[in-house]
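Residue numbers (the working numbering), protein chains in the order written: chain B, 2 to 646; chain D, 2 to 646. Note that CB positions come from ideal geometry on N, CA and C, so glycine has one too. This one's a predicted model, so the numbers in the text were calculated from it and none came from an experiment. Let me begin by presenting the structure, written as C-alpha cells, before commenting on it.
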C-alpha cells in the first residue's frame, strides 16, 4: 500500500537535451509571458479572455460583468502551475512576484467557506453545485489544487496551498455518501487526481477518500447526471448536449466496470490517471484491473501510432475499436498529455516500465507536435494526414487547422503543453528506497537520495541519432539503477564500465547494481528506421505503412516532397538512409531518405472521373519527424504511405 | 424566350421497366400509405409527427399545441404531390378522397389574406416573416405550391391551386423592391422554382417576377440575413447556427456572381434549378452563365461518381474542390434529387442533352440507393464506403447509418424519393413543337402530340444488360425523335428499320427523322464494364478504381466478398465477366465478377502496430449495383477499390 515510485524533485533535474532542451526553454522564455498577456487581456489583436478581470470582480476589487467560458479560471491556475514548475527547475524567477500577487488575488476571490469559482461567485451564487454535468466547478478546483501543490513544492510558500486546502475541505464536506451531502461527481474529471496530489503533500486522508468517492459513485444507478439534467430541464452552457450521451463523460456505468476507453478523451484520461493513483495508494486490485482493461483497449484498438487518441472530430472523443481516421480525427494535444499521465501512474502502480513505451510515443509525437519550434503557436487537433485546402470552416473539417494557431477560445492545450514540458523531468526519473528509475532517454543531469546514499546521474542520449545512451553515475553507496528497455529495442546491448551486462529484463526494466564511486553505463538500443503496419481491422491504414525510428514517427511533408502525397507508394522492405537533419528543425534529428514512386492517373482535362490509366514515376522521398511538421510553412503532410502491392 | 422543352404529361407515360417499374410501383403500394400513417400519427412505435394534427389546430377544428419542426407542414404537401403524380400516372386512385379531404383542411388553415403556415399561425402570429433565415415560411409555401400544381395537372381540380394562388399573391405583395415590401429572401430556397411552376400553369407574370426578385435580391449588401439576425439577437430554431456562415445558404453574394457550388447542398440545388428555369423563361444569358459556372464546378470538382453531392457530414453541405471523403460524407438523397432537377432544367435551357448524363448518374445510383427494394426503408446519407461498426452515434459518424431507416425526424428524403419516382416520366421524355426527346433509357410506353401529329413510342431498354435499346414508334406525321447519346457510349450504333444511321450527334442528341407509320429504332450503346479513376486532386481516391457499367456504379458488399473490404486490390485492366443477377435484387441486372487479391498484414497478437509484413491471397470478387446495396442484411460496402501498383 502507498506509493511505490516517486518522481525525482524537479529542482534536482536539469534537462540538457538537444531536442527537448529547446522546447523546455520556450516555456519560461515565450509561453509564460505570452500566456500572461492573454490572461490579462494585454495581447494586441487577441480577443479578451477576461480571466484576471473575472478574479478582480470576484475579489471585490472592481465592479463589472464576469465573462468568458464557465471554466475560464483554469487558465490562471494552469499558468501558475507552469510558473511553479519553471521555478522548481530554476527558470522564470522573474514571474514569482507576479505569481504571488495572483495568489493574493485568488485568496480574495475565495469565499468564506472555501468556495472558489468566479463564474458562480459573481454570476450565479444560488446555482452552486447544481450543474455538475456542465458547470466545471470541480474541474476548476482541481486545476487550482494542482497549481497549489506545484507552487508549494517549488517555493515552499503555502498561501495557495492553504487556499486549496480550504476549498478541498469544502468539497469533502459537500460531496459524499452521507445524508445531506451531494451524491454527485464532476462532469469533467480532474478533481480526483488533484485531491490525490493534495493528499500526498498534506497527508490528509479525507482528500483521498473524496477522490475515491468520486470514482466509486460515478455511473451508479439511478444516474446522477440524468436526474440533474431532468431537474434543471435542459442545458445551460452547452445546448448542443441535448440528448446527452452518458458515455461522453464516462458516466454510463461505474468506472470499475468500464472495459473500453469511451467518450471525451481528456475526461477519460484524467479519470483513469486518478483511478491508477488510487489503485496504487490503496492497493486496490479492482481499480488496478479496471485501469488495465481500459489501458489495453486504448492501446490495442483506439490509439494512433503517434500516441494520439480521440478519433472523433465531433465532441473530441473516442469512437470504437479500430476506427482510426487519419484526417478527420481530433487527437487533442491535451488527450495525449492525459495519456502520458495515465501511463506514468500505471507504470508505478503495476511496477512495469512497459507503460512508458506509450508515454514516450505520446510525448515524442503528438504532444511535441502540439507546439511549434518557436514556442508561440499550437495545435489543438493532431491529424496524421493534412491537405490544407480541405481544412474548411463550418464543415466536418472545422476542427482541423493546417497551421498552428496563436491561441484558442478554449485554451486548454497551450498551458497543458507548457506544464508538461516544464515538468518533463517527472517522466524521465523516478525512485524508490533502493533504486533510481530511468524511464525516458532525454539528456539531463539528475541527483537523488536513496537509502544507500546520494547518486548523481549524467545522461547523454543519442536515442534519436545513433540509438545510444550513456549514463555517467556517481554514487555514494550501493544503490541500483533500473533502466526501461523500450519495446522497440529488440536488439539492445548494455555495457557497464566496458563490461557487457547480460541481465534479464524484468517488467520492462534492466537492473544495474551500483557500487560506490563512478560508473559508466553504455546502452545501445539498436534503433533503426522501421516500416510499421496497423492491425488488419484498421480499415484506414490497410495497404499503408508508417516509418518510425525509435520513439519517433516520421511523416512526409510537402516542403520536401511536393503536394499530392497520396500518390506516393513505397515497396515493402524499402531501404532507408539516414539523411542530414533539416537545418530549420531543432534537435539534430536525421531526416530519413528512401526511394518510392508516384502513381498518378492520366490527366483528362476537366473530367472528374475517367477511365483508369495510371502513370508511374520513381521519386526519392524525405521524411521528417511528425512532431516537427508544419514548421516550414503550410503544406500537405502524411504519415501513412501506400505500400506497393 | 419562354420554355423550350416541355415534359410529356405523366398520364401519357407508362413505366414498364424491369428495374424502375419495381420501385415506381412501391410509391402507391407502400410509400404513400406508410407516409400517411406517419403524418396522421397512426404508425405504431413511431414518434408522432403532429403534421395533420397541426393543420387541424390551425383550421380551428381542435384545440392544442402546435408541435414538430417548424417546417413540418411540408410533409403533407410532399405527400399530396406524390399522390398527384400517382393519380396522373393512373395509380393510387384510392387516395384521392383522402387527398381532397386534406386539401379542404389546408384551405381552412389558410388565413384570410392567404397566409398559410401552421407554426406561425398557431404559435407565433406576431412573428411572421421576421425570421427568414430559419423560419422556412417561404420553403413551406414552395412545397405547397408544387403540390397544388401537380394536383391540378393530375386531376383538373383547382381547390388547392386556388389556395396556392392566394398564398403566392400574398408573397408577391409582401416581398419585393418597393417601399413597404420586405427586401428579403428565403433561408431555404424552394419558393423560387415553385413560383415558376405556378406561373407556367396560371400564366401569372407576377409569380415569375417574384421568383426572379428572390434570386436577384439574394446575397446583396448590406446582407439581409445578417441584419435580420442582429435584429432578432440570435437563433430561435437552430441555436447551432450561431456564428452564421452566409455560404451555408448561398447568401454570401448574389447567385449570379457565385462560381462554385457552396453551402447546404439541397438549398444550392433548389436555387440553381430556379435560376435555370428563370434563365430559360426570360432568355436571361447572365443567369444561364451563372448556372453553367456552378454546374461545371459541381460536376468537375465536387460530385461523387455516384452523383452524390455534399461532402460534409456536418451541416449537409459542400466543402471545397476535390474534397470527396467516401465514408464520412453526407450526399443526401434529396441533394441528388436536387441535382436531377438542376440538370433537367439546364438541358432544357441550354438545349444540351449532356446534362442528362449527370441526371442519370444521380438517379441510377444515389437516388435509387435512397430506398430499399421493398420500398419501406430509406437512406438519408449515402457514403461510398461503409464499415457498420464504425457508424457510431454521438460521434463524427453520427449521420451515417449502416442500414436504411424506417423514417427520420426531419423526413425530407422519403417523400422526395416518392415524388421523384412517381414522376419519373418527366426525366425520360420531353417534347417541343417538332420533336420528342428521349433522355433516359427506361422501358416505357409514351404518347405525345407534335405539330405534325401524334406519336406513340414503346421503349424496350436493355441498357443495364446488353446496352441495347429498341424504340417502336407509331407516328401520324413527319416528326422527329431526338435521342440522347450518353457520355459513356463511346462506341454507339443506331439502326432505323434495319438501316444503319450515320448522323452526327449534336449537343448530345442524335436526331432521327420520322415518316408517318411505324418505325423501329435500334440502339446499341456499346456498354461494357469499365474501371474508372478520379482526378488526381481527389486524395481520397488516389490509387483506387471504381467499376461502372453504363450509368450504374458497382460496389463490393460483405454479403458476396466477406468483410475487411479495404484489403482488396485489383489489377489495372482486370477483365470483368458479367455474372448472374443476384436473385434477391430486382431488375435482372447482372453482377460483375473479376479476379483480385487480398493483401493483409501478418497477424501479431494484440499489437495495434507491428513491423510491416504482408501476405497476399488471390480472390474472386463479385460486385453489385451501388443502388441496391444493403438489401441483403448489414455489412461492409465499398465503391473505390485499391489498384495493385
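Inset, instruction - Would you mind telling me which residues of chain D sit closer than 9 angstroms to residue 296/B, beta carbon to beta carbon, in chain order? - result: The contacting residues do not exist; residue 296/B stays about 12 angstroms from chain D at best.
Inset, instruction - Kindly indicate which three-state DSSP category residue 469/D falls into: helix, strand or coil? - result: strand
Inset, instruction - Using a Cβ-Cβ cut-off of less than 8 angstroms, list which residues of the segment 611 to 630 of chain B approach chain D; keep chain order. - result: 611, 612, 613, 614, 615, 617
Legend entry - alpha helix (DSSP H) runs contained entirely in the segment 113 to 192 of chain B, provided each spans 4 or more residues: 138 to 156, 160 to 175
Inset, instruction - Could you tell me whether the Cβ of residue 293/D comes closer than 9 angstroms to any Cβ of chain B? - result: no
Inset, instruction - Counting only the same chain and skipping the five closest in sequence on each side, list residues whose C-beta sits under 7 angstroms from that of residue 291/D. - result: 256, 257, 259, 276
Inset, instruction - Run the CB neighbour count on residue 181/D, radius 10 Å, all protein chains shown included, and call it buried at 16 or more, exposed below. - result: exposed
Legend entry - Closer than 9 angstroms at the beta carbon, the chain B residues around residue 240/D: 240, 241
Inset, instruction - Please check the pair residue 386/B and residue 332/B, which I expect to be a contact at CB under 8 angstroms, by giving their CB distance rounded to whole angstroms. - result: 12 angstroms between Cβ atoms; not a contact.
Legend entry - According to DSSP, residues forming a beta bridge with residue 454/D: 451/D
Inset, instruction - Would you check if the segment 363 to 370 of chain D and the segment 300 to 311 of chain D touch, i.e. whether three or more CB-CB distances between them fall below 8 angstroms? - result: yes
Inset, instruction - Kindly indicate the opening and closing residues of the alpha helix (DSSP H) around residue 414/B. - result: 414 to 423
Inset, instruction - Can you check DSSP and say which residues form a bridge with residue 602/D? - result: 615/D
Legend entry - Residue from 404/D, 442/D, 531/D with nearest C-alpha to residue 629/D: 404/D
Inset, instruction - Kindly say whether residue 321/B, judged by its beta-carbon, lies nearer than 9 angstroms to any beta-carbon of chain D. - result: yes
Inset, instruction - Using a Cβ-Cβ cut-off of less than 8 angstroms, list which residues of the segment 260 to 276 of chain D approach chain B; keep chain order. - result: none
Inset, instruction - Find the nearest neighbour of residue 274/B within the set 538/B, 343/B, 495/B, judged by alpha-carbon distance. - result: 343/B
Legend entry - Which listed residue (12/B, 544/B, 77/B) has its alpha carbon closest to that of residue 419/B: 77/B
Inset, instruction - Taking C-beta pairs closer than 7 angstroms, name the residues in chain D that residue 72/B reaches, listed in chain order. - result: Those do not exist, as residue 72/B stays about 19 angstroms from chain D at its closest Cβ, beyond 7 angstroms.
Inset, instruction - Pick helix, strand or coil for residue 532/D, following the three-state DSSP scheme. - result: strand
Inset, instruction - Measure the CB-CB distance between residue 158/D and residue 101/D and report whether it falls below 9 angstroms. - result: yes
Legend entry - Alpha-carbon to alpha-carbon, residue 148/B and residue 85/B: 7 angstroms
Legend entry - Backbone secondary structure at residue 587/B - three-state DSSP: coil
Legend entry - Euclidean distance between Cα positions of residue 294/D and residue 351/D: 13 angstroms
Inset, instruction - Inspect the CB distances between the segment 617 to 632 of chain B and the segment 407 to 424 of chain D and report whether three or more fall short of 8 angstroms. - result: no
Inset, instruction - Out of 241/D, 507/D, 178/D, point me to the one whose CA is closest to residue 221/D's CA. - result: 178/D
Legend entry - Test: residue 1/B CB closer than 9 angstroms to a CB of chain D: The first residue shown for chain B is 2 and the last is 646, placing residue 1/B beyond what the model contains.
Inset, instruction - Would you grab the beta carbon distance between residue 569/D and residue 544/D for me? Rounded to a whole angstrom, and I think it's under 8 angstroms. - result: Residue 569/D to residue 544/D, Cβ: 13 angstroms. No contact.
Legend entry - Ranges of the alpha helix (DSSP H) found wholly within the segment 184 to 272 of chain D, counting only runs of at least 4: 192 to 203, 206 to 218, 225 to 233
Legend entry - Residues sharing a beta bridge with residue 58/B, DSSP: None, per the DSSP bridge assignment.
Legend entry - residue 593/D: contacting residues in chain B (beta-carbon distance under 7 angstroms): Residues of chain B passing the Cβ test: none, with the nearest at roughly 15 angstroms.
Legend entry - Closer than 9 angstroms at the beta carbon, the chain D residues around residue 358/B: Neighbours of residue 358/B on chain D: none; closest Cβ ~11 angstroms, over 9 angstroms.
Inset, instruction - Determine whether the Cβ of residue 332/D lies closer than 9 angstroms to any Cβ atom of chain C. - result: Annotation note: the requested chain C is absent from the structure, which comprises protein chains B and D.
Inset, instruction - Establish whether the CB of residue 676/D and some CB of chain B are separated by less than 9 angstroms. - result: Outside the modelled stretch of chain D, which goes from 2 to 646, sits residue 676/D, for which no answer is possible.
Legend entry - Proximal residues to residue 119/D (C-beta, below 8 angstroms), its chain only, five neighbours per side dropped: 55, 56, 58, 59, 67, 73, 74, 110
Legend entry - Closest Cα partner of residue 637/B within the set 587/B, 424/B, 427/B, 401/B: 401/B
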